[in-house]
Amino acid sequence: MKYVRTMDNDDPRCDFSDLRGGPKVPVLWGSSRAVLNRVLFGLATAVSRAPYWVEVQGQGGTSEELGPADLGWIPPERLFTLGTLLGSGSSGRPEPVAFALISFLRDPSPGAIAEVMKLAPREPGAGGTAGSSRLVAIANVDRVDQLWPQTPQAMREVVRAFLRAGVVPYFSTQKPTKRREAADFVFEAAASSLGSWRTGTLRCEKAPQGAAWKEGDSLAFTRLPTIAAALSGKTAAAVG
Numbered sequence: 258m259k260y261v262r263t264m265d266n267d268d269p270r271c272d273f274s275d276l277r278g279g280p281k282v283p284v285l286w287g288s289s290r291a292v293l294n295r296v297l298f299g300l301a302t303a304v305s306r307a308p309y310w311v312e313v314q315g316q317g318g319t320s321e322e323l324g325p326a327d328l329g330w331i332p333p334e335r336l337f338t339l340g341t342l343l344g345s346g347s348s349g350r351p352e353p354v355a356f357a358l359i360s361f362l363r364d365p366s367p368g369a370i371a372e373v374m375k376l377a378p379r380e381p382g383a384g385g386t387a388g389s390s391r392l393v394a395i396a397n398v399d400r401v402d403q404l405w406p407q408t409p410q411a412m413r414e415v416v417r418a419f420l421r422a423g424v425v426p427y428f429s430t431q432k433p434t435k436r437r438e439a440a441d442f443v444f445e446a447a448a449s450s451l452g453s454w455r456t457g458t459l460r461c462e463k464a465p466q467g468a469a470w471k472e473g474d475s476l477a478f479t480r481l482p483t484i485a486a487a488l489s490g491k492t493a494a495a496v497g
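Structural data, given as structure tokens:
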């Protein structure tokens, strides 16, 4: 079955304009990691032409499902890959960058995340004020669950540390916890497998007051162009 790109031009939810008006942090969760990470890529590329990507890998050192990092959709200079043992280095960036990211996760501070990103150029308008922010998609955060704070309040401090450093994080997790309440938006990527994505939906669990997306909204993936393109494998690689 061929995927046909469609869009509801009068529905601002379809292009995620809510996430472009300022630094808004989303969390995506779902049961299928393959679906989840392609949805994360689609969401990130709806907001930024050139997002950064942090891939937390499984115990084997590679993803069990082909995702954006495996498929070459992320240019090497924007890709960080970390093993769950947190000392296995990075195949996407030099070892010091991987260690700097691990240090940030263990003890969040603007200085620590700035060390991670300082060699990368800033992208105008990446989810915040022009020239001020970088969008960083962090896939599979549940694989380093032990590093994150256990309460929404403490997790919000981590999010604020990202934002103070000019980094807008987008998170994906297969194991949702109460910490997701620290995000501005929470979405469930509802599809049991990549093969069934055309019947899947993106469900909004949390949204700020005044946003086009409302709590309880549910849109079919086929109505969301960048997400449908990623799920169908017809997406363009992120710009390097």
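Residue numbering for the sequence shown follows our numbering, starting at 258 and increasing by one per position.
Positions of the beta carbon are idealized from the N, C-alpha and C atoms, including for glycine.
Whole-angstrom distance between residue j and residue i, CA atom to CA atom
| i | j | result |
| --- | --- | --- |
| A485 | R270 | 14 angstroms |
| G315 | W286 | 17 angstroms |
| R436 | S429 | 12 angstroms |
| A326 | T302 | 14 angstroms |
| G211 | A440 | Here the chain comprises residues numbered 258 to 497, so residue 211 is not present and cannot be evaluated. |
| G467 | P283 | 16 angstroms |
| S453 | A477 | 12 angstroms |
| L339 | V398 | 11 angstroms |
Supposed contact pair residue j and residue i - C-beta distance, whole angstroms, cut 8 angstroms
| i | j | result |
| --- | --- | --- |
| V393 | P426 | 5 angstroms |
| V304 | L276 | 5 angstroms |
| W310 | A396 | 7 angstroms |
| S288 | L451 | At roughly 12 angstroms, the Cβ-Cβ gap does not stay under 8 angstroms, so S288 and L451 are not in contact. |
| V313 | R400 | 4 angstroms |
| L481 | L459 | 6 angstroms |
Per-residue burial, residue i [other beta carbons within 10 Å of its own, 16 or more giving buried]
| i | result |
| --- | --- |
| T456 | exposed |
| K281 | buried |
| G473 | exposed |
| P333 | exposed |
| T408 | exposed |
Same chain, Cβ closer than 6 angstroms to residue i, five either side skipped, listed in chain order
| i | result |
| --- | --- |
| G324 | N294 |
| T483 | G299, T302 and A303 |
Other residues of its chain near residue i: CB distance less than 8 angstroms, five sequence neighbours each side excluded
| i | result |
| --- | --- |
| S274 | A469 |
| K471 | C461 and A464 |
Requested in this report: Answer yes if the segment 444 to 451 comes into contact with the segment 402 to 422, meaning at least three C-beta pairs across the two stretches below 8 angstroms, and no otherwise.
Outcome: no
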